[in-house]
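Residues 1265 to 1795 in my numbering are what the sequence shown spells out, letter by letter.
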Amino acid sequence: MSNRDRADRTAAPGSSLDATRRTRELARAAGGGTADLLVVGLGATGAGVALDAAARGLDVVAVDAHDLAFGTSRWSSKLIHGGLRYLAAGQFDVAHESAVERGVLMTRTAPHLVTAQPFVLPLTPLVSRAQTSLAWAGFRAGDVLRRAARTPRQVLPVPRRLTAAETRHLAPSVRASGLRGGLLSWDGKVTDDARLVTALARTAAAHGARVLTRVRALELGSTGARVRDELTGEEGEIRARAVVNATGVWAGGLVEGLRVRPSRGTHLVLRSERLGALPAGLHIPVPGETNRFVLVLPQGDGRTYVGLTDEPVDGAIPDVPEVPETDIGFLLDVLGSVLDAPVRREEVDGAFAGLRPLLDTSEPGAPDSVRTSDISRRHAVLTSADGVVTVVGGKLTTYRRMAQDAVDAAVAARGLPSPPSSPTATLPLVGAAAPERLRDLPARARLVRRYGTEAPAVLALAERDPALAEPVLPGHPVTRAELLWAARHEGALDPADLLDRRTRIGLVPEDRAEALAVAAEILSRATPSGV
């Protein structure tokens, strides 16, 4: 076996996360030493902060009360947006930043996880000629953004108009009556948002960061945090020269004076056969809105997502948001406006909702007259009076820039030794490689899209033990080998980690219940990552 073949059948050096490493590194972090930087929160932004700081040579500890991608970062539309919506709203800087960061992911840092996704906007009788012209102008402007971000058209093709026949070919479930044609556009799609976060955390670990899940920050200060190990109940202190609060919608609970206005984005989960073969996603205009769409998002795993809403959330912030029936009804109504046969409520197999951490900049006590859909998606980096840096706002697409700005602020506020600039715009994540290298890997395309250069190593588990080649569920593509890989190398500690974040089995409650026994069995046989 060549050296390259051996490399293709192992985990990236130093990147493996497991229960044994967690125990060892938590003891070290709470053992009295002082790290350069403590990051609280391991969603996309927090994991990005950990990677950025570790890649600059800083000694980093990153903690989360739950798991990698436990919060908002696993509830997205799985899209890496180019900023078209923000361009339409006149937020040109946000739009350009989004397009640049999309290009970074697609061409440099994560081309195995982020690829081009085609979308069709069907021109039904409900879409006026004026709306058609406005949408077409928007898609053309989006292509200008692509060029400004220097993303090649080979990566993201240009938009074009479709005939009615072409539209029906790409979207066969769309009602043929009155169909004038369609508009084809392209955007970025991430295979799985939680897998992107896992790749970020593992890449940070490969650069020396101590990535610790199930560690809750009870109090933050400029010199560290009081923490509790959620597995044992033991409390202790992690000391650090600088602290970054990257807890998203929960950020205000750790830093005084910060007001976050959460917005709920809901998605439905349908079996793919309900809408038939969908070579492309769909943009469905929301009636009465000029710049709002419901998206139909085929996932390639037998499921299709339909989303999303943008509703304000008041009161206490839950760990896992509930999906109200009003959101489900809204999405089904808009979806039904373009289909031959509307989807019935009983055909919805699952639903999920995420909370966007929008920064509330209104005056205290002012009425909530501004819709959350109209609040800027710009991110903010704020330093409290006692020196804690908080990063909030933004979106999944721009996590890397948010992380860079947060580390820059921490370095400036606390005088940390660090190179002057972030290296992450050109730093490949675990599994990343050039497209030609990915195409040549000896593994199925589905595995390559999820694991990149590590796909042969996942496949090798099943080759050594044929039982691991069996699917976790009949008819579902995820194999037992993928669960074992997650326990050995991706920091999964319990069945929920395996089913709800390392895979997406848990999005359908019946599937989750059926898979629990298999997940528990796999965890019982998992061994330390070096074995």
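By construction, the Cβ of each residue, glycine as well, lies at the ideal position given by its N, Cα and C atoms. This structure is a prediction, so every number in the text was calculated from the model and none was measured.
- Scanning the region 1686-1728 for uninterrupted alpha helix (DSSP H) segments of 4 residues or longer gives 1699-1703, 1709-1715, 1719-1728, listed from N- to C-terminal end.
- DSSP assignment within the region 1354-1435 yields the following whole beta strand (DSSP E) runs of 3 residues or more, N-terminal first: 1378-1386, 1424-1426.
- Residue environment: Gly1552 is assigned as exposed (fewer than 16 neighbouring CB atoms within 10 Å of its CB, all protein chains considered).
- Annotated three-state conformation of Phe1594 is helix, per DSSP.
- Less than 8 Å divides the Cβ of Arg1466 from the Cβ of Glu1754.
- Excluding five sequence positions before and after Ser1486, the CB atoms of its chain that fall closer than 7 Å to its own CB belong to Val1507, Asp1650, Gly1651, Val1652, given in chain order.
- In this structure, the CA atom of Asp1604 is about 15 Å from the CA atom of Arg1444.
- Per DSSP, the beta bridge partners of Leu1484 are Ala1489.
- Short of 6 Å from the beta carbon of Val1513, and not among the five residues preceding or following it, lie these beta carbons of its own chain, in chain order: Val1524, Pro1526, Ile1581, Leu1619, Pro1621.
- For Gly1442, DSSP records no beta bridge to any residue.
- Where Val1656 is concerned, the enclosing beta strand (DSSP E) starts and stops at 1653-1657.
- The straight-line gap separating the alpha-carbon atoms of Arg1567 and Arg1505 is approximately 46 Å.
- For Asp1300, the enclosing beta strand (DSSP E) begins and ends at 1298-1304.
- Residue Glu1498 holds the alpha-carbon nearest to the alpha-carbon of Ala1481 among Pro1606, Trp1450, Glu1498, Val1772.
- For Ser1527, the enclosing beta strand (DSSP E) stretches over residues 1524-1535.
- Val1438 sits away from Ala1326, with the two beta carbons spaced by 8 Å or more.
- For Arg1528, same chain residues with a beta-carbon under 7 Å away, outside a window of 5 residues either side, are Thr1573, Glu1575, Val1577, Pro1585, Ala1617, Leu1619 in chain order.
- Ile1786: member of the alpha helix (DSSP H) spanning 1773-1789, first to last residue.
- The C-beta distance from Asp1758 to Leu1787 rounds to 7 Å, short enough to fall under 8 Å.
- For Gly1566, there is no enclosing beta strand (DSSP E), as DSSP marks it with neither H nor E.
- About 19 Å separates the CB atoms of Ala1319 and Thr1717; that is not less than 8 Å, and the two are not in contact.
- Note on geometry: alpha-carbon atoms of Asp1300 and Arg1459 lie some 27 Å from one another.
- Leaving aside the five residues that flank Ala1314 on each side, the residues in its chain whose CB is nearer than 6 Å to its CB run, in chain order, Val1303, Val1324, Ala1326, Ala1468, Ala1473.
- At a Cβ-Cβ threshold of 8 Å, Asp1331 and Thr1477 count as neighbours.
- When DSSP states are grouped into helix, strand and coil, Asp1764 belongs to the helix group.
- Sorting Leu1518, Arg1665, Glu1501, Ile1502 by C-alpha distance to the C-alpha of Asn1509 places Leu1518 at the top.
- As the crow flies, the alpha-carbon of Val1655 is around 6 Å from that of Ala1644.
- DSSP places Val1612 outside both helix and strand once states are collapsed to three, so it counts as coil.
- Exclusion of the five residues before and after Ala1541 leaves Pro1436 as the residues of its chain whose Cβ lies within less than 7 Å of its Cβ.
- DSSP lists no beta-bridge partner residue for Asp1574.
- Thr1647: member of the beta strand (DSSP E) spanning 1643-1647, first to last residue.
- For the set Ala1721, Arg1728, Pro1606, Ala1733, the Cα lying nearest the Cα of Ser1280 is the one of Ala1721.
- Contact between the region 1357-1364 and the region 1393-1413 is present: 3 or more CB-CB pairs across the two stretches fall below 8 Å.
- Across the set Asp1624, Leu1711, Tyr1350, the C-alpha of Tyr1350 shows the shortest separation from the C-alpha of Arg1556.
- Secondary structure at Asp1583: coil, using DSSP grouped into helix, strand and coil.
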